[in-house]
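Chains as they are written, first to last, in the numbering used here: chain A, 322 to 689; chain B, 32 to 508.
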């Protein structure tokens, strides 16, 4: 079933009696497969409102992300959280949509400074599991009127409602960027260097280390004189960790970090961990991973491990959590994709799903 | 302002309830002497007062859990309270409720600057969080103007903002985790010192829920390295429209100031008379602050100056020193004091799309004349968060009601142009009955479902956020 209006979607869900598999661009097949009829929402397209002088964009959920990014680039603006494209990582074709990005709360390297997708999201419209159309938030960037369901919808993978429209706070695209590269660091030293950079007043907007190549990247963005000044100061400040070279804006390098390009077409399962940065090198070592990519200064670790391994069991208790992003269906059937929740949290999450989707129609079981 | 009918049965059992609480909490943590509970009868919205049944001042998360469990068994409503600085009545008691004050829970539990976070108890004041890390060159970004007094727990309840949100976001963008005690007395850990809390974003919906989902007793907060320096520029204009256009042009040019403050003529005059900051006598004043090294600041101020000059300002004063910066900020920072000297005032808190600024200011002027009450406007122009100050005389019969009616009209106007009722103060009781202007029944129903899940008996922070008739069935009223 393909819907093209919110009204149509509402009617469809109201009359539905069996599970629905919600599909935007279909580029992020994460979690246990949902057995159900496909509900294709990629037809809910179009920009509802774009006010560059107010840094505001309102767009329907099925709109291709590429279309939105091109529109913003034309006005010298962008989605600051640098949404990742997972097609290469997951071996998918198709066109990522804005709604899918929000449902998965996908952020990239700049999340460390500019916040996540959920932080830039200021408004949402959705159809819940009873077919009711709900709006929350709005189009202004400071809004504490009522409960914040905007955040709740981000990262809910369609299990609380089908997102039909989203509003973002945008940021200006900076005049230029500079990337510093060091090729000789171990994960331990790289994480310490990244912590030092992120603890400096130079507003680092990216800090990543790839174990496989030993490359550490640090990014600064802004007006040209400021970027030149900050690059120089950072190079001097970080000299005690190794030799840093200035490799220009580093656009391709950051796109590779964003999309986890090092793991494309490489064997094994892919896990994504959220941890305290200083714990990251030790966790990656204990994971017995084939390769590791540390983003967010080490706060996020992408791990490529032997297929079928239960990484959580291997690691034991960790301050943080691990999500299984890529694995064979057999593995995903056996190992929970999303981090198991503490019992009281699981009770709350289940109760919320029961309230928003009492007939269990919307991607049932996807999040566990 | 209508409050729900108090539960007479609870009030009648006061002695028994208090003695049950005394049996499990330290004696100093339970207050029921009416002379002492009076101190908790209102918060920053002092027009409304109601002494609570009793006041609890627990010292640990375990004590909070014990207290909530008993209150739930006894069906006693609970009003969580940080420092009581809410401007929307977020901590207003009802006569059958106990106040759960977090003032004694104010310790720093963990500071980890390599991982850029701090863990504090929720009664700790906002400014003292920065105080705990500034020696090492860090700070906590959200800075509500009450930051000297307001508590982190209250900031989380209201998702508080401040003057620097344009660059650093509000509380929810700087909150990594909480320890939440539910009304059932269960202690729940959500998130922690890592980015992305995992699972459904419960942290996101707890922040800003006005203490109605649970009592936050501890918080993990993101701290940031302090910028090298900051300096403002003051720009005066002969019309609000031109000042608004200048703000839009600055944003379009890719400059991201840390603050853009806007004052209109009534506000400029009152501040000038009070603080003698040397403000020009003009229609609109912008104070724009940028951060960085001295050279970076010069560069950004030059860009802003170039844009501003195209709009023919009546004055453009770039700060060159700390003393000049202080003087530029002096008037703005004393705006509320200046208003208080002239008269009683009510501070509103709507947000509008910045593009609607000239229209909204014009309409507010018309409404102000219609009601015969003066309105001064001071607000965060970068993010559209307005703080119209309505002047009235509390001793004049009918003036408060007139002021509230004008306030409601202004907030409805904010919604009409695409904005919202509250940018940073919260709904509380103040804007509760206006919720219908912004939300449909279905919109509110979706929010109330979240409340049902966390607090099925609707005992936490009663009478706030949702219009009483909308929540009547759930409250068993």
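We put the beta carbon where it would ideally sit given N, CA and C, even for glycine.
Would you decide whether residue i is buried or exposed? Buried here means 16 or more other CB atoms lie within 10 Å of its CB.
i                      : result
residue 410 of chain A : buried
residue 351 of chain B : exposed
residue 33 of chain B  : exposed
residue 478 of chain B : buried
residue 420 of chain A : buried
residue 55 of chain B  : exposed
residue 359 of chain A : exposed
residue 327 of chain A : buried
residue 140 of chain B : exposed
residue 464 of chain A : buried
residue 426 of chain B : exposed
residue 500 of chain A : buried
residue 588 of chain A : exposed
residue 585 of chain A : exposed
Against chain B, does residue i count as a neighbour if the rule is that its beta carbon must be under 8 Å from one of theirs?
i                      : result
residue 550 of chain A : yes
residue 329 of chain A : no
residue 371 of chain A : no
residue 680 of chain A : no
residue 338 of chain A : no
residue 519 of chain A : yes
residue 621 of chain A : yes
residue 570 of chain A : no
residue 453 of chain A : yes
residue 440 of chain A : yes
residue 352 of chain A : no
residue 374 of chain A : yes
residue 530 of chain A : no
residue 591 of chain A : no
residue 684 of chain A : no
residue 377 of chain A : yes
residue 479 of chain A : no
List the whole-angstrom C-beta distance separating residue i from residue j, where the pair is believed to meet the contact cut-off of C-beta under 8 Å.
i                      : j                      : result
residue 522 of chain A : residue 257 of chain B : 6 Å
residue 196 of chain B : residue 411 of chain B : 7 Å
residue 315 of chain B : residue 374 of chain B : Their Cβ separation, rounded to whole angstroms, is 22 Å, which puts residue 315 of chain B and residue 374 of chain B out of contact at 8 Å.
residue 679 of chain A : residue 451 of chain A : 7 Å
residue 406 of chain B : residue 366 of chain B : Not really, about 13 Å apart at Cβ, beyond 8 Å.
residue 243 of chain B : residue 486 of chain B : 7 Å
Using only the alpha-carbon positions, how far apart do residue i and residue j sit?
i                      : j                      : result
residue 471 of chain A : residue 458 of chain A : 6 Å
residue 449 of chain B : residue 301 of chain B : 30 Å
residue 289 of chain B : residue 675 of chain A : 42 Å
residue 321 of chain B : residue 432 of chain A : 22 Å
residue 88 of chain B  : residue 340 of chain B : 56 Å
residue 147 of chain B : residue 228 of chain B : 16 Å
residue 308 of chain B : residue 299 of chain B : 10 Å
residue 349 of chain B : residue 570 of chain A : 32 Å
residue 418 of chain B : residue 441 of chain B : 11 Å
residue 66 of chain B  : residue 668 of chain A : 42 Å
residue 170 of chain B : residue 420 of chain B : 30 Å
residue 619 of chain A : residue 508 of chain A : 9 Å
residue 370 of chain B : residue 406 of chain A : 52 Å
residue 632 of chain A : residue 466 of chain A : 41 Å
residue 106 of chain B : residue 475 of chain B : 25 Å
Would a check of beta-carbon distances place residue i closer than 8 Å to chain A?
i                      : result
residue 330 of chain B : yes
residue 263 of chain B : no
residue 451 of chain B : yes
residue 225 of chain B : yes
residue 181 of chain B : no
residue 256 of chain B : yes
residue 480 of chain B : yes
**Request:** Output the residue ranges of the alpha helix (DSSP H) runs that lie fully inside the region 52 to 100 of chain B and measure 4 residues or longer, sorted by chain position.
**Result:** Taking only runs of at least 4 residues, the alpha helix (DSSP H) segments lying wholly in the region 52 to 100 of chain B are 65 to 68.
**Request:** Enumerate, from N- to C-terminal direction, the unbroken beta strand (DSSP E) stretches of 3 or more residues contained entirely within the region 160 to 248 of chain B.
**Result:** Within the region 160 to 248 of chain B, the complete beta strand (DSSP E) runs of at least 3 residues fall at 206 to 212, 218 to 222.
**Message:** Suppose only complete runs of 4+ residues qualify. What are the alpha helix (DSSP H) ranges in the region 277 to 357 of chain B, listed by chain order?
**Reply:** Listed in chain order, they are 296 to 306, 325 to 340.
**Request:** Run through the region 577 to 632 of chain A for me and flag every whole alpha helix (DSSP H) of 4 or more residues, listed as ranges in chain order.
**Result:** The alpha helix (DSSP H) runs lying completely inside the region 577 to 632 of chain A and spanning 4 residues or more are 601 to 607, given in chain order.
**Message:** At 3 residues or longer, what runs of the beta strand (DSSP E) sit wholly inside the region 255 to 280 of chain B?
**Reply:** Segments of the beta strand (DSSP E) lying fully in the region 255 to 280 of chain B: 261 to 268.
**Request:** List in chain order: all unbroken beta strand (DSSP E) runs of 3+ residues lying wholly within the region 341 to 416 of chain A.
**Result:** Annotation: the region 341 to 416 of chain A contains the following complete segments of the beta strand (DSSP E) (minimum length 3 residues), in chain order: 341 to 344, 358 to 361, 368 to 372, 377 to 381.
**Item:** Continuous alpha helix (DSSP H) assignments of at least 4 residues falling wholly in the region 497 to 529 of chain A
**Value:** The qualifying runs are 508 to 519.
**Message:** Quick check for students: name the residue ranges of the beta strand (DSSP E) that lie wholly in the region 348 to 433 of chain B, counting only runs of 3 or more.
**Reply:** Within the region 348 to 433 of chain B, the complete beta strand (DSSP E) runs of at least 3 residues are 375 to 378, 406 to 411, 416 to 423.
**Request:** Ignoring anything shorter than 4 residues or poking outside the region 430 to 486 of chain A, list the alpha helix (DSSP H) runs there in chain order.
**Result:** Complete alpha helix (DSSP H) runs here, min 4: 432 to 435, 438 to 441, 470 to 474.
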